[in-house]
Amino acid sequence: MDPIPAPADSRAVALARRVLRIEADAVSALAGRIGAEFERAVDIILKRNGRVIVTGIGKSGHIARKLAATLASTGTPAYFVHAAEAAHGDLGMITPEDVVIALSNSGSSEEVLTIVPLVKRQGARLIAMTGKADSPLARQADVHLEAAVAEEACPLNLAPTASTTAALALGDALAVALLDARGFAAEDFARSHPGGTLGRRLLTHVGDVMRPAAAVPMVAAEAPLTAALLAMTAGGMGMTAVTASDGRPQGIFTDGDLRRALERGCDVRSARVGTVMSRNPRTIGPAALAAEAAEIMERQRISQLLVVDADGRLAGALTTHDLMLAKVI
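Each number in the working numbering comes from the position in the sequence shown (counting from 1) with 4 added on.
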């Protein structure tokens, strides 16, 4: 039987592929333009003591807003000012120590050009990001970052598509270069994203999520196995800590230890917990990151982890369920 021929691409699919190729080419072409002007832009921002104000209007305004957010979250204090609003009072937020990044594909946006002399008068530095190196905005800027594209992805070559993608990518390149120059680390990123997954992983400590020692079931090694079972059931952690008289853990008794003991024919009524517990259990300190506890538990394939203080005494315990509730895992 002859194979059924694949259906020809629909107009929508063909157009979508064309859009992606054009925008990919637009971003790729930017790499060859990164050079001295880009270095000057980075240098200017690093040497100023103020903030970065990003401005624009229309589609460029949307890209400017995103750039400001990216800069702010990666160690460069920044905020967005709408170009039209800037001319009606918001320019008062700009100080002589600030850097203004103005986005305009044409470089001729009236609202942006209106505020340029006022920005200069304030003593702030101006970085322009445009698609035309000979535009009024580019000529008046201290530094010009060119984001020109060969064509828009719009079939009419009118709607800002490839040009906004190029400006977005160039803005990201600037933010990342500044991030690297400032030595911005994952911990710094977490501090500006405390509500995100990374923030929870890097800012949450074991002591924040563990159950304190008073809430942890525990018995002595000499205790009957039946007493350990009652303690484990009451504690609701699927385990009981086995501690010495000084509070230092000697072992841990879990559901898994019980199953293994029963498989060996252990007499539950007469056995002592010390004979069936897991000795030398893994422990962690309360100051350790909760993410570190999660890594240990995953690597060791355990569901509970004892927490000890600096003297080795039981300070608490946590389970994978505790880490899940804290959204660490």
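The beta carbon of each residue, even a glycine, is placed where N, CA and C say it ideally should be.
message: Is any non-hydrogen atom of the ligand PLP found closer than 7 Å to the C-beta of P81, if you look at the structure I gave you?
response: Summarising the ligand content, the structure contains no ligands, and the ligand PLP is consequently not present.
query: In angstroms, rounded to a whole number, what distance separates the CA positions of E226 and A275?
result: Sequence index remark: in the sequence shown, residue 226 carries index 222 (1-based). Sequence index remark: in the sequence shown, residue 275 carries index 271 (1-based). Their backbone Cα atoms lie some 9 Å apart in a straight line.
task: Within its chain, find whatever has a CB closer than 6 Å to the CB of L3; leave out the 5 residues flanking it on each side and keep chain order.
output: Given a span of 5 to 333 for the chain in the structure shown, any question on residue 3 remains unanswerable.
Distance between A170 and A46 (C-alpha atoms, nearest Å): Counting from 1 along the sequence shown, the entry for residue 46 is found at position 42. Counting from 1 along the sequence shown, the entry for residue 170 is found at position 166. Per the sequence presented here, residue 46 reads as Val, with Ala not at that position. If I take the Cα positions, the gap works out to 18 Å.
query: Going straight from the alpha carbon of R52 to that of E101, what length do you get?
result: Translated into positions along the sequence shown, residue 52 becomes position 48. Translated into positions along the sequence shown, residue 101 becomes position 97. If I take the Cα positions, the gap works out to 6 Å.
C-beta atoms of H209 and A314 nearer than 8 Å: The sequence position of residue 209 within the sequence shown is 205, counting from 1. The sequence position of residue 314 within the sequence shown is 310, counting from 1. No; because the gap between Cβ atoms is not below 8 Å, this pair is not in contact.
query: Just reading off the alpha helix (DSSP H) that G65 is part of, what are its end residues?
result: In the sequence shown, residue 65 corresponds to position 61, counting from 1. Per DSSP, G65 belongs to the alpha helix (DSSP H) from 62-77.
query: How is I57 classed by DSSP in three states: helix, strand or coil?
result: Along the sequence shown, read from residue 1 onward, the residue named residue 57 stands at position 53. Annotated three-state conformation of I57 is strand, per DSSP.
task: Please say whether A163 and E156 have beta carbons closer to each other than 8 Å?
output: Taking the first residue of the sequence shown as 1, we reach residue 156 at position 152. Taking the first residue of the sequence shown as 1, we reach residue 163 at position 159. Result yes, Cβ atoms of E156 and A163 sit closer than 8 Å.
- prompt: DSSP state of V210, grouped into three classes?
  reply: Along the sequence shown, one-based indexing puts residue 210 at 206. Correct three-state label for V210: helix.
message: If we define contact as Cβ-Cβ less than 8 Å, is G289 a contact residue for chain D?
response: Absence of chain D from the displayed structure is noted, only one protein chain being present.
- request: Give the single residue among T244, E115, V213, M214 whose Cα lies nearest to the Cα of V223.
  value: By 1-based counting over the sequence shown, the position of residue 223 is 219. The residue with the shortest Cα to Cα distance from V223 is T244.
task: Please report how far the alpha carbon of A181 lies from the alpha carbon of Q254, in whole angstroms.
output: Position 177 of the sequence shown, counting from 1, holds the residue named residue 181. Position 250 of the sequence shown, counting from 1, holds the residue named residue 254. One C-alpha to the other measures close to 51 Å.
message: Is the beta carbon of V56 closer than 8 Å to that of A87?
response: Indexing the sequence shown from 1 puts residue 87 at position 83. Indexing the sequence shown from 1 puts residue 56 at position 52. Cβ atoms of A87 and V56: not closer than 8 Å.
message: With the cut-off set at 8 Å, would you say Y150 and R37 are in Cβ contact?
response: Working through the sequence shown from its first residue, we reach residue 150 at position 146. Working through the sequence shown from its first residue, we reach residue 37 at position 33. Just to set this straight, residue 150 is Glu in the shown sequence, not Tyr. With contacts defined as CB atoms closer than 8 Å, E150 and R37 qualify as a contacting pair.
- request: Identify, in the order they occur along the chain, each residue of the same chain with its Cβ nearer than 6 Å to the Cβ of A152, setting aside the five sequence neighbours on each side.
  value: If you number the sequence shown from 1, residue 152 lands on position 148. Counting only Cβ-Cβ distances below 6 Å, and skipping sequence neighbours, we find G135.
field: G228, DSSP secondary structure in three states
entry: Working through the sequence shown from its first residue, we reach residue 228 at position 224. In the sequence as displayed, the identity of residue 228 is Pro instead of Gly. P228 sits in a strand when the DSSP states are folded into three classes.
task: Kindly indicate the opening and closing residues of the alpha helix (DSSP H) around L262.
output: Start at 1 with the first residue of the sequence shown, and residue 262 comes out as number 258. L262 -> alpha helix (DSSP H) spans 259-267.
task: Determine the closest residue to A319 out of G127, S77, A292, L327, with distance taken between C-alpha atoms.
output: Indexing the sequence shown from 1 puts residue 319 at position 315. When each option's Cα is compared against that of A319, the closest is A292.
query: Near A232, what residues of its chain come up, given a Cβ to Cβ distance below 7 Å and the 5 sequence neighbours on each side ignored?
result: The residue you call residue 232 lines up with position 228 of the sequence shown. Hits under 7 Å: V223, T244, F257, V277.
query: Can you name the start and end residues of the beta strand (DSSP E) that T134 belongs to?
result: Position 130 of the sequence shown, counting from 1, holds the residue named residue 134. Start and end: 129-134.
query: If you run the structure through DSSP and keep just helix, strand and coil, what is G111?
result: Within the sequence shown, the letter at position 107 stands for residue 111. Three-state result, G111: coil.
- request: Could you check the C-alpha separation between T230 and A73 for me, to the nearest Å?
  value: Sequence index remark: in the sequence shown, residue 230 carries index 226 (1-based). Sequence index remark: in the sequence shown, residue 73 carries index 69 (1-based). Roughly 59 Å between the two C-alpha positions.
- prompt: Below 8 Å between beta carbons: does that hold for I49 and G60?
  reply: For the purposes of this step, residue 49 is taken as the residue at position 45 of the sequence shown. For the purposes of this step, residue 60 is taken as the residue at position 56 of the sequence shown. No, these two residues do not count as a Cβ contact at 8 Å.
task: Might you give, ordered along the chain, the residues of its own chain that have their beta carbon closer than 8 Å to the beta carbon of P159, omitting 5 neighbours on each side?
output: The residue labelled residue 159 in the question sits at position 155 within the sequence shown. Around P159: L19.
query: Beta-carbon separation of V58 and A82 under 8 Å?
result: Stepping through the sequence shown from its first residue, residue 58 is reached at position 54. Stepping through the sequence shown from its first residue, residue 82 is reached at position 78. Cβ distance < 8 Å, so V58 and A82 count as in contact.
- prompt: For R276, which of helix, strand or coil comes out of DSSP?
  reply: Walking along the sequence shown from the start, residue 276 turns up at place 272. The three-state reading of DSSP puts R276 in strand, counting E and B together.
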